[in-house]
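For reference, the structure is listed below as structure tokens.
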Amino acid sequence: MSPSTTPPTGLPVWLPGVETLCYGGDYNPEQWPEEVWARDVALMREAGVTLVSVGIFSWGLLEPREGEFDFGWLDRVLDLLHEAGIQVDLGTPTASPPAWFFHAHPDARVVTRDGTTLGFGSRGMASPSSPDYRRASVRITRELARRYGSHPAVVLWHVHNEYGTPVSECYSEHSARAFRAWVQRRYGSLDALNEAWGTAFWGQHYAEWAHVSPPSIAPSVVNPAQRLDFARFTSDALLECFVAERDVIHAEAPGIPVTTNFMAGSCQSVDLWAWAREVDIVSNDHYLTAADDRNQVGLALSADLTRSLAGGRPWLLMEHSTSAVNWQPRNVAKRPGEMARNSLAHLGRGADGILFFQWRASRSGAEKFHSAMLPHAGTRSRVWTEVCALGHDLAALTEVRGSTVHADVAILWDWQSFWAQDLEWRPSVDLGHRERIDAFYDRLWRDKLTVDFAHPEHDLSGYRLVVAPASYLLTSQGAANLTRYVEAGGTLLVSCFSATVDENDAVPEGGYLAPLRTALGVEVDELLPLRQGDQVHLAASGPVARALDAITADVWCEDLALAGATPVAVFADGPAAGGPAVTRHEHGAGTGWYVSTRLDVDALAALLAPVYADAGLSPVVDLPQDLEIVTRHGTTHSYVVAINHTDEAADVPLTGTDLLTGETSTSSFTLAAGAVRVVRSA
Ligand code: GLA
Numbered sequence: 002m003s004p005s006t007t008p009p010t011g012l013p014v015w016l017p018g019v020e021t022l023c024y025g026g027d028y029n030p031e032q033w034p035e036e037v038w039a040r041d042v043a044l045m046r047e048a049g050v051t052l053v054s055v056g057i058f059s060w061g062l063l064e065p066r067e068g069e070f071d072f073g074w075l076d077r078v079l080d081l082l083h084e085a086g087i088q089v090d091l092g093t094p095t096a097s098p099p100a101w102f103f104h105a106h107p108d109a110r111v112v113t114r115d116g117t118t119l120g121f122g123s124r125g126m127a128s129p130s131s132p133d134y135r136r137a138s139v140r141i142t143r144e145l146a147r148r149y150g151s152h153p154a155v156v157l158w159h160v161h162n163e164y165g166t167p168v169s170e171c172y173s174e175h176s177a178r179a180f181r182a183w184v185q186r187r188y189g190s191l192d193a194l195n196e197a198w199g200t201a202f203w204g205q206h207y208a209e210w211a212h213v214s215p216p217s218i219a220p221s222v223v224n225p226a227q228r229l230d231f232a233r234f235t236s237d238a239l240l241e242c243f244v245a246e247r248d249v250i251h252a253e254a255p256g257i258p259v260t261t262n263f264m265a266g267s268c269q270s271v272d273l274w275a276w277a278r279e280v281d282i283v284s285n286d287h288y289l290t291a292a293d294d295r296n297q298v299g300l301a302l303s304a305d306l307t308r309s310l311a312g313g314r315p316w317l318l319m320e321h322s323t324s325a326v327n328w329q330p331r332n333v334a335k336r337p338g339e340m341a342r343n344s345l346a347h348l349g350r351g352a353d354g355i356l357f358f359q360w361r362a363s364r365s366g367a368e369k370f371h372s373a374m375l376p377h378a379g380t381r382s383r384v385w386t387e388v389c390a391l392g393h394d395l396a397a398l399t400e401v402r403g404s405t406v407h408a409d410v411a412i413l414w415d416w417q418s419f420w421a422q423d424l425e426w427r428p429s430v431d432l433g434h435r436e437r438i439d440a441f442y443d444r445l446w447r448d449k450l451t452v453d454f455a456h457p458e459h460d461l462s463g464y465r466l467v468v469a470p471a472s473y474l475l476t477s478q479g480a481a482n483l484t485r486y487v488e489a490g491g492t493l494l495v496s497c498f499s500a501t502v503d504e505n506d507a508v509p510e511g512g513y514l515a516p517l518r519t520a521l522g523v524e525v526d527e528l529l530p531l532r533q534g535d536q537v538h539l540a541a542s543g544p545v546a547r548a549l550d551a552i553t554a555d556v557w558c559e560d561l562a563l564a565g566a567t568p569v570a571v572f573a574d575g576p577a578a579g580g581p582a583v584t585r586h587e588h589g590a591g592t593g594w595y596v597s598t599r600l601d602v603d604a605l606a607a608l609l610a611p612v613y614a615d616a617g618l619s620p621v622v623d624l625p626q627d628l629e630i631v632t633r634h635g636t637t638h639s640y641v642v643a644i645n646h647t648d649e650a651a652d653v654p655l656t657g658t659d660l661l662t663g664e665t666s667t668s669s670f671t672l673a674a675g676a677v678r679v680v681r682s683a
């Protein structure tokens, strides 16, 4: 995808007046006596901090009683930061309404699917559909924007915090009313609603709009189309809250971009393709999964997804951790060098700013065991030393800002499909969309092929290869787009259980996979999930994919009917024994591949080799798999970020100058175990 030059809202591509890579984190001075603030700011300068996020959870202090505002402390904080040359990403505090709000409006509390009303004393969204919440959140936002709209420290607005978590769906009376209105807008008539939801099934037919309600817990499985629409409604309702605040900021503080921190790749309850169209700058929070000993791959996926949401433009890593988090079952601390590796991996995949949660570790509250830039142990700590070193390194990398990442491969990603696939009563609990995406992504990561993520209806013409690891829900527009992509010369690889339902979670006419029949030349007669632990074997049929011979697969098989495709591997055993397992179909100027079983990341190497050949792609096979290499392209130079995630030194053929050390080479650079190089092309 070629990066577009202007964001959808027409504001500048980046933060006004910011000419470095951004570095910093969430700053919560309200948790500390005022005499600490000056010390904080001095230490920020020492660490090379340039940008801090302020005020994200401060509503109770900024508006201690309804309509009574106290901005004195925030005035002093912003002035202090500005005097020190530190810029501010100013938060609106609407992720955590104050006690008075819930006392006055108990009906604005979130109600869960089982009818539980959530209490106060934590944080989290009020019911997004509560008119009182909407009014109060817009009012505090307007007050802030009026007061600080032209404050010279403020270069970015940060609305709310991580929409969609810790709660997303709300089943309150306000939500029920808003859902009914949403459904009415979407369908226009009860006939259309009954048709889309398939209400002839189990006698659900509606004759009155007033009878339509959210899909609360019921005696058995609730209509999946209704649940899917409720997930869509939830994402839209939260987005309306964001847009209401954003519009107030745009009006009161013109020219300053507005963001909200996404959780691309971890929070599944908001459709970020729709959200990305509404923010001026895409920002993202990413936390490593401590239990995963190759969590650098998940990090890369999140960064690639964020860059794709940004349309290829630079983005901001709004939060990650300097070391351990506090909310996983085992909060493993980062080891020396790991924080820098993580940070530069995000940078390599397009981030122009690296921020943390948070500046100074909190002494009280639920997050006191969370790491920070300034840990409880203070400036004598290893973490502090590494934080200062990273600030220094980012300053040395200033010229990288604005450069972009190019990908030849797109993986399809559609939150609406995930919502549908995650519902109950699917053919097998063992086939997960995320597991399939992770496996295909990991294969491409190991092969050092940079990946964008795309929606099935996006323009895919710039990619050599499009992979659909989990497109369970595929609209007819999406299927037509993929078919056109193949016709025009693209290589498409589709994995099992795709194009199984349409946007209403209904099986398409012609059966599973029918919408992709033209592109793939194959149909699915029956889904054949395997018993837990069972395996099947493949046998290559012909020379195209010889390496698939004797490969083991599990979880899933399908009975395929060929409709023009050539089988390149068949099932040697199992319920589909003798039938095609992997097919290849030349259509128009391109090729459509289909794999009807689950292959793990090693087995995927055998599948992908001939697919790469069709796409004209060259994987890097002569370097260690866990050596990460990604390139950013600037106007005059390219910058290769190489990260050695292995335990041994490795030589990487690269020419140019390492911006971190100043070393130059005309042949190769050695990367010690755990080391990072950022090499500017000669
Ligand atoms: C999230 C939140 C932060 C903080 C961190 C802790 O990302 O946005 O406020 O709670 O998690 O990891």
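Numbers in the working numbering are just positions in the sequence shown, counted from 1, shifted up by 1. The beta carbon of each residue, even a glycine, is placed where N, CA and C say it ideally should be. Nothing here was measured: the structure is a model prediction, and the numbers come from that model.
Exercise for review: Would you kindly work out how many angstroms separate the C-alpha atoms of Ala408 and Asn29, rounded to a whole number?
Suggested key: Along the sequence shown, one-based indexing puts residue 408 at 407. Along the sequence shown, one-based indexing puts residue 29 at 28. Computed Cα separation, rounded: 38 Å.
Point to revise | For Arg361, three-class secondary structure by DSSP | key: As a working mapping, residue 361 is identified with position 360 in the sequence shown. Reduced to three states, the DSSP call for Arg361 is strand.
Practice item. State buried or exposed for Pro654, treating a residue as buried only when at least 16 other CB atoms are found within 10 Å of its CB. Key: Within the sequence shown, residue 654 is the residue found at index 653, counting from 1. Under this definition Pro654 is an exposed residue.
Review point. Closer than 6 Å: is that where the CB of Val326 sits relative to any heavy atom of the ligand GLA?
Key: Sequence index remark: in the sequence shown, residue 326 carries index 325 (1-based). Yes.
Check your understanding: Assuming Tyr164 contacts Leu239 under a Cβ cut-off of 8 Å, what Cβ separation, rounded to an integer in Å, is found between them?
Key -> Counting from one through the sequence shown, the residue named residue 164 turns up at place 163. Counting from one through the sequence shown, the residue named residue 239 turns up at place 238. Between Leu239 and Tyr164 the Cβ distance is about 5 Å, and since that is below 8 Å, they are a contact.
Check your understanding: Is it the case that the CB of Glu163 approaches a heavy atom of the ligand GLA more closely than 6 Å?
Key -> By one-based count along the sequence shown, residue 163 stands at place 162. It does: the Cβ of Glu163 is within 6 Å (strictly closer) of some heavy atom of the ligand GLA.
Review point. Are there three or more Cβ pairs, one per stretch, closer than 8 Å when the region 401–417 is compared with the region 267–275?
Key: yes
Review point. What residue ranges within the region 248–332 form continuous beta strand (DSSP E) runs of no fewer than 3 residues, ordered along the chain?
Key: 284–286 and 316–320
Exercise for review: Just mark His212 as buried or exposed, buried being the case when its beta carbon has 16 or more other beta carbons within 10 Å.
Suggested key: Translated into positions along the sequence shown, residue 212 becomes position 211. When all chains shown are included, His212 counts as exposed.
Review point. In terms of alpha-carbon separation, which member of Asp286, Thr117, Val244 and Gly512 lies closest to Glu279?
Key: Locating residue 279 in the sequence shown gives position 278, where the first residue counts as 1. Checked all of Asp286, Thr117, Val244 and Gly512; the closest Cα to Glu279 is Val244.
Exercise for review: Grab the span of the alpha helix (DSSP H) containing Asp535 for me, first residue to last.
Suggested key: By one-based count along the sequence shown, residue 535 stands at place 534. Unbroken run through Asp535: none, as it is neither H nor E.
Check your understanding: CB of Asp574 to nearest heavy atom of the ligand GLA: below 6 Å?
Key -> By one-based count along the sequence shown, residue 574 stands at place 573. Not so, every heavy atom of the ligand GLA lies at least 6 Å from the Cβ.
Point to revise | Cβ neighbours of Ala226 in the same chain (closer than 8 Å, five flanking residues each side left out) | key: By one-based count along the sequence shown, residue 226 stands at place 225. Closer than 8 Å at the Cβ level, and outside the excluded window around Ala226, lie Ala197, Trp198, Gly199, Asn505, Asp506 and Ala507.
Practice item. Go ahead and pull the three-state DSSP assignment for Cys171. Key: Along the sequence shown, read from residue 1 onward, the residue named residue 171 stands at position 170. Here Cys171 sits in coil by DSSP.
Review point. Of the residues His159, Pro34 and Ala604, which one's Cα is nearest the Cα of Thr260?
Key: The residue you call residue 260 lines up with position 259 of the sequence shown. That would be His159, whose Cα lies nearest to the Cα of Thr260.
Check your understanding: Going by the C-beta, is Phe370 closer than 6 Å to any heavy atom of the ligand GLA?
Key -> Sequence index remark: in the sequence shown, residue 370 carries index 369 (1-based). Checking every heavy atom of the ligand GLA against the Cβ of Phe370, none is found closer than 6 Å.
Check your understanding: To which residues does DSSP link Cys343 through a beta bridge?
Key -> The count along the sequence shown starts at 1 and reaches residue 343 at position 342. The question names Cys, yet the displayed sequence has Asn at residue 343. Answer by DSSP bridge pairing: none, since Asn343 is not bridged.
Review point. Out of curiosity, what's the CA-to-CA distance linking Arg532 and Ala301?
Key: On the sequence shown, position 531 is the one that residue 532 refers to. On the sequence shown, position 300 is the one that residue 301 refers to. If you take the alpha carbons of Arg532 and Ala301, they lie about 33 Å apart.
Exercise for review: Can you give me the start and stop residues for the alpha helix (DSSP H) that Arg143 sits inside?
Suggested key: As a working note, residue 143 is residue 142 in the sequence shown. That run of the alpha helix (DSSP H) goes Pro132 to Tyr149.
Review point. Can Asp659 be considered in contact with the ligand GLA, in the sense that its beta carbon sits closer than 6 Å to one or more heavy atoms?
Key: Position 658 of the sequence shown, counting from 1, holds the residue named residue 659. Flag unset: Cβ of Asp659 not near the ligand GLA.
Exercise for review: Let me know the secondary structure DSSP gives Glu84 once reduced to three states.
Suggested key: What you label residue 84 is simply residue 83 of the sequence shown in a count that begins at 1. Of the three classes helix, strand and coil, the one that applies to Glu84 here is helix, per DSSP.
Practice item. Assign Trp414 to one of three DSSP states: helix, strand, or coil. Key: Within the sequence shown, residue 414 is the residue found at index 413, counting from 1. DSSP places Trp414 in coil when its eight states are reduced to three.
Check your understanding: What are the uninterrupted segments assigned as alpha helix (DSSP H) that are 4 or more residues long and contained completely in the region 56–136, given in chain order?
Key -> 60–63, 73–84 and 100–105
Exercise for review: Measure how close the beta-carbons of Glu559 and Ala577 come, nearest whole angstrom, since I'm counting them as under 8 Å.
Suggested key: To locate residue 559, count along the sequence shown from 1; it is residue 558. To locate residue 577, count along the sequence shown from 1; it is residue 576. Indeed, because the Cβ distance is near 7 Å, the residues count as touching under 8 Å.
**Study point:** Asp448 in three-state terms, based on DSSP
**Key:** Here residue 448 is taken as the residue at index 447 of the sequence shown, counted from 1. Correct three-state label for Asp448: coil.
Exercise for review: Note down, one range per segment and in chain order, each alpha helix (DSSP H) of at least 4 residues found wholly within the region 593–656.
Suggested key: 604–616
**Study point:** Reduced DSSP category for Ser477 - H, G, I as helix; E, B as strand; rest coil
**Key:** The sequence position of residue 477 within the sequence shown is 476, counting from 1. It is helical.
Practice item. Compute the minimum distance between the beta carbon of Phe358 and the heavy atoms of the ligand GLA, and state whether it is under 6 Å. Key: Residue mapping note: residue 358 aligns to position 357 of the sequence shown, counting from 1. Yes, the beta carbon of Phe358 sits closer than 6 Å to at least one heavy atom of the ligand GLA.
Review point. Three or more beta-carbon pairs under 8 Å between the region 388–397 and the region 309–317, yes or no?
Key: no
Practice item. Indicate whether Ala397 and Leu660 have their beta-carbon atoms separated by less than 7 Å. Key: Start at 1 with the first residue of the sequence shown, and residue 397 comes out as number 396. Start at 1 with the first residue of the sequence shown, and residue 660 comes out as number 659. For Ala397 and Leu660, yes; Cβs fall inside 7 Å.
**Study point:** Where Ile218 sits in the DSSP three-state scheme
**Key:** Within the sequence shown, residue 218 is the residue found at index 217, counting from 1. Ile218: coil per DSSP, three-state reduction.
Review point. With 16 as the cutoff for other CB atoms within 10 Å, does Arg447 come out buried or exposed?
Key: Within the sequence shown, residue 447 is the residue found at index 446, counting from 1. Result: buried.
**Study point:** Close Cβ partners of His634 (< 7 Å) along its chain, the five nearest in sequence each way excluded
**Key:** Taking the sequence shown and counting its residues from 1, the one referred to as residue 634 is at position 633. Excluding residues within five positions, the ones whose Cβ falls inside 7 Å are Ser404, Thr405 and His407.
Exercise for review: Kindly indicate which residue of Val452, Ala562 and Pro470 has the alpha-carbon position closest to the one of Tyr464.
Suggested key: Taking the sequence shown and counting its residues from 1, one reaches residue 464 at position 463. Comparing Cα positions, the closest option is Val452.
Review point. For Phe498, which of helix, strand or coil comes out of DSSP?
Key: Position 497 of the sequence shown, counting from 1, holds the residue named residue 498. Three-state result, Phe498: coil.
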